[in-house]
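One structure is given below, encoded as structure tokens.
Residue numbers (the working numbering): 2 to 347.
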């Protein structure tokens with residue numbers, strides 16, 4: 002028999018009292034313990050995501066990934082740097098030593114990105130992201146309806162999401178599994194040239210006509226209604242009929258008449274021959290020559306003089322100026338607009 006066993010058997014009362022005291026002390030300290038269903042766990046990894054629209058993986062790697070990756074070298078506490086260059090997207094994962102302050106790590110990466118921004122392509126803005134267990138949803142709700150999925154999603158975002166966000170302790174509420182409306186617009190260079198429209202005009206029209214700006218609010222009967230000005234594109238037909246520019250056309254002038262031509266008749270007593278018709282000028286039409294009269298007095302038989310050739314008309318036709326016609330050019334006149342299916346699990 003061991004020493005502890007002999008002591009415990011010899012002092013049964015004392016052991017029982019110590020056991021009861023430990024249980025009471027433990028019961029009193031349980032409420033003061035910190036308990037979390039999802040404890041705060043931070044992984045020492047920070048990702049830098051850059052979107053480069055329309056670029057191939059090789060171009061993304063050369064123009065975006067390599068400059069950023071080279072600038073991240075030498076940061077204190079970095080273990081590994083892993084990069085992925087995909088179609089139009091660059092992802093760089095930077096792993097730090099455990100215990101590294103991720104807030105300072107993100108600030109350091111942001112400073113390095115600012116130093117490299119000048120050498121990156123235009124319209125590319127790297128985003129610094131980090132993952133935490135707190136980012137996972139604690140509850141997921143499924144909603145079914147006979148309505149169209151787009152309509153159902155809009156109703157949830159308008160009515161349900163705000164109500165859930167007002168609950169104490171709720172950080173964010175997202176609607177996921179919604180099929181987004183993605184529209185491809187393919188410009189036709191020949192149609193753009195024929196209508197005198199540039200791709201910049203099309204881009205500007207799309208940005209200007211899908212924008213709403215707050216303009217204050219109106220209070221009536223105790224209710225406040227926000228006012229917004231602007232225009233939004235709510236359907237594919239609205240997008241197709243969007244006016245992207247104007248095209249002016251003018252009518253051609255009326256051609257002028259040709260030069261007159263006529264033969265001169267012979268003197269009395271002489272049979273004058275008719276003159277030839279006038280030559281046709283461009284664009285006016287030539288006039289026909291007049292035939293000379295065969296008139297003679299008794300006893301006279303001399304030949305008349307040949308008539309003169311009519312003058313040629315070379316003057317351009319006088320244009321009757323018609324007013325210019327202005328035609329509205331719509332997006333469907335210069336591009337192909339089609340909707341594609343895209344399932345976004347956000």
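Here a beta-carbon is modelled for each residue, glycine too, at the ideal position from N, C-alpha and C.
(message) Measuring straight from C-alpha to C-alpha, what distance separates residue 81 and residue 103?
(response) One-based indexing of the chain shown puts residue 81 at position 80. One-based indexing of the chain shown puts residue 103 at position 102. Straight-line Cα distance between these residues: approximately 15 Å.
(message) Let's test the definition: count the other Cβ atoms within 10 Å of the Cβ of residue 79 and tell me whether it reaches 16, buried, or not, exposed.
(response) As a working note, residue 79 is residue 78 in the chain shown. Buried is the call here.
(message) Measuring straight from C-alpha to C-alpha, what distance separates residue 107 and residue 126?
(response) Your numbering for residue 107 matches position 106 in the chain shown. Your numbering for residue 126 matches position 125 in the chain shown. Cα-Cα distance, rounded: 15 Å.
(request) Confirm, please, whether the CB-CB distance from residue 50 to residue 92 is below 9 Å. (result) To locate residue 92, count along the chain shown from 1; it is residue 91. To locate residue 50, count along the chain shown from 1; it is residue 49. Yes, Cβ-Cβ distance for residue 92 and residue 50 is below 9 Å.
(request) Measure how close the beta-carbons of residue 171 and residue 162 come, nearest whole angstrom, since I'm counting them as under 8 Å. (result) Here the question's residue 171 lines up with position 170 in the chain shown. Here the question's residue 162 lines up with position 161 in the chain shown. Rounded, the Cβ-Cβ distance is 10 Å, inconsistent with contact.
(request) Please confirm whether residue 46 and residue 94 have their CB atoms less than 9 Å apart. (result) For this step, residue 46 is matched to residue 45 along the chain shown. For this step, residue 94 is matched to residue 93 along the chain shown. Going by C-beta atoms, residue 46 is nearer than 9 Å to residue 94.
(message) Taking a contact to mean a Cβ-Cβ separation below 9 Å, would you say residue 326 touches residue 204 in this structure?
(response) As a first step, residue 326 must be located in the chain shown, where it is residue number 325. As a first step, residue 204 must be located in the chain shown, where it is residue number 203. Result no, Cβ atoms of residue 326 and residue 204 do not sit closer than 9 Å.
(message) Is the beta carbon of residue 198 closer than 9 Å to that of residue 144?
(response) By one-based count along the chain shown, residue 144 stands at place 143. By one-based count along the chain shown, residue 198 stands at place 197. No, these two residues do not count as a Cβ contact at 9 Å.
(message) Quick check on DSSP: helix, strand or coil for residue 185?
(response) Locating residue 185 in the chain shown gives position 184, counting from the first residue. Strand at residue 185.
(request) State the start and end residues of the unbroken alpha helix (DSSP H) segment that holds residue 117. (result) Here the question's residue 117 lines up with position 116 in the chain shown. Segment 103-117, the alpha helix (DSSP H) holding residue 117.
(message) Please report the distance separating the alpha-carbon of residue 57 from that of residue 31.
(response) Walking along the chain shown from the start, residue 57 turns up at place 56. Walking along the chain shown from the start, residue 31 turns up at place 30. Taking the straight line from one Cα to the other gives about 58 Å.
(message) Using CA atoms only, rank isn't needed, just tell me which of 329, 338, 147 and 90 is closest to residue 61.
(response) Numbered from its first residue, the chain shown carries residue 61 at position 60. Per the Cα distances, 90.
(message) Here's the rule I'm using: 16 or more other beta-carbon atoms within 10 Å means buried, otherwise exposed. How should residue 5 be labelled?
(response) Indexing the chain shown from 1 puts residue 5 at position 4. Answer is exposed; the Cβ neighbour count stays below 16.
(request) Please report how far the alpha carbon of residue 33 lies from the alpha carbon of residue 24, in whole angstroms. (result) Residue 33 sits at position 32 when you count from the first residue of the chain shown. Residue 24 sits at position 23 when you count from the first residue of the chain shown. Whole-angstrom Cα-Cα distance: 15 Å.
(request) Tell me whether the beta-carbon of residue 65 lies closer than 9 Å to the beta-carbon of residue 184. (result) Stepping through the chain shown from its first residue, residue 65 is reached at position 64. Stepping through the chain shown from its first residue, residue 184 is reached at position 183. No, these two residues do not count as a Cβ contact at 9 Å.
(request) For residue 206, I'd like the list of residues in its chain whose CB is within less than 8 Å of its CB, leaving aside the five on either flank, ordered along the chain. (result) Taking the first residue of the chain shown as position 1, residue 206 is located at position 205. So the qualifying residues of the chain are 243, 244, 245, 246 and 332.
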